Amino acid sequence: MKIRILFVLILFFSINAFSQEIDPIDHFSSDSIFDIEMGEDEIENDEESMEVDVKDEVSKQSVRFCEELLSYINILRDKDSLVYHFSRTIGDNEILPIVDGINKLNIDRKFEVIFHPNTDKVLYVREMVLNENQAWDYIYENIFDENGVGRLFIRHYSTFKSVCAEVAFELSEYFFNENNDLIKKTYSAFDGQQHPLDIEYCWMDREEYLKYKTFTELNSRFNLPLEGLLGNNPLDKENKDFDDKRELINSLVPIQE
Numbered sequence: 283m284k285i286r287i288l289f290v291l292i293l294f295f296s297i298n299a300f301s302q303e304i305d306p307i308d309h310f311s312s313d314s315i316f317d318i319e320m321g322e323d324e325i326e327n328d329e330e331s332m333e334v335d336v337k338d339e340v341s342k343q344s345v346r347f348c349e350e351l352l353s354y355i356n357i358l359r360d361k362d363s364l365v366y367h368f369s370r371t372i373g374d375n376e377i378l379p380i381v382d383g384i385n386k387l388n389i390d391r392k393f394e395v396i397f398h399p400n401t402d403k404v405l406y407v408r409e410m411v412l413n414e415n416q417a418w419d420y421i422y423e424n425i426f427d428e429n430g431v432g433r434l435f436i437r438h439y440s441t442f443k444s445v446c447a448e449v450a451f452e453l454s455e456y457f458f459n460e461n462n463d464l465i466k467k468t469y470s471a472f473d474g475q476q477h478p479l480d481i482e483y484c485w486m487d488r489e490e491y492l493k494y495k496t497f498t499e500l501n502s503r504f505n506l507p508l509e510g511l512l513g514n515n516p517l518d519k520e521n522k523d524f525d526d527k528r529e530l531i532n533s534l535v536p537i538q539e
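Each position in the sequence shown, counted from 1, maps to that position plus 282 in my numbering.
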């Protein structure tokens, strides 16, 4: 009888000890690991693919202001007028004007700069990150008002490794007010034929990048060589004086007969 009781006690404590040893593993290995992985994916997707709607009329006016700036910039870029081009070569931190004869295979980043009309204030900085094939992977567009405050940031991304398309693109637009507070955010993913893609079925890289609050902050990183250009704005040379950007835009757009 004593032997039977002793056997039962030993068996009880053995089972209890075994259950305590395996419990932490079971607790962590199945659902917990899945939750952690899904949580990271959800956070990752939300950070880039989230959208923010405009909330009030003042913000709508700020968005329209940003869109007018972008329209003006795109007209200049299409005409390659008043656009200053710079590049950085592989292994070199110095950014220099692009000149004839430069070895394009050594370039890892290209920059474009546009000034506000009739001023020495920088309006636009475009950074293009190139890969080893001299194709772009990322493009970052920064638009600043005349006070140097960041008002619009645009991220472009392209990849051949998305799984959901032969080539996939992402476009994110961040609109800010005069205090650099986010007031609107848009996002889209599409293929080479501009057909929308469902981000849930695509693999998109998530790089680290900065949305600069001011031009001063941006230029403290890149140190763009603008000194020789500031008094050299072609608009000043032509003695043109425009009251606002709309007038300048109209002067650049051909009149439709």
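All C-beta atoms in this analysis are idealised placements derived from N, C-alpha and C, irrespective of residue type, glycine included. Given the structure is predicted, the values throughout are model-derived calculations rather than measurements.
One question on the structure: do T496 and V404 come within less than 8 Å of each other, judged by their Cβ atoms? no
Buried or exposed for V340, going by 16 or more other Cβ atoms inside 10 Å? exposed
Minimum length 3: unbroken beta strand (DSSP E) runs contained in the segment 461-494: 464-473
Measuring alpha carbon to alpha carbon, tell me which residue in I372, I380, N400 is nearest L387. I372
Can you name the residues that DSSP bridges to G432? F426
Other residues of its chain near S369: CB distance less than 6 Å, five sequence neighbours each side excluded: I380, I389, K392
Cα-Cα separation, N385 to D374: 14 Å
Would you say L464 and F458 are within 8 Å of each other, going by their C-beta atoms? yes
Whole angstroms is fine: what's the gap from A417's alpha carbon to G510's? 30 Å
Where D427 falls, given that 16 or more other Cβ within 10 Å makes a residue buried: buried
Which whole-angstrom value is the C-beta distance of T468 and E455, which I expect to be below 8 Å? 5 Å
Name the DSSP bridge partner or partners of F451? S440, F472
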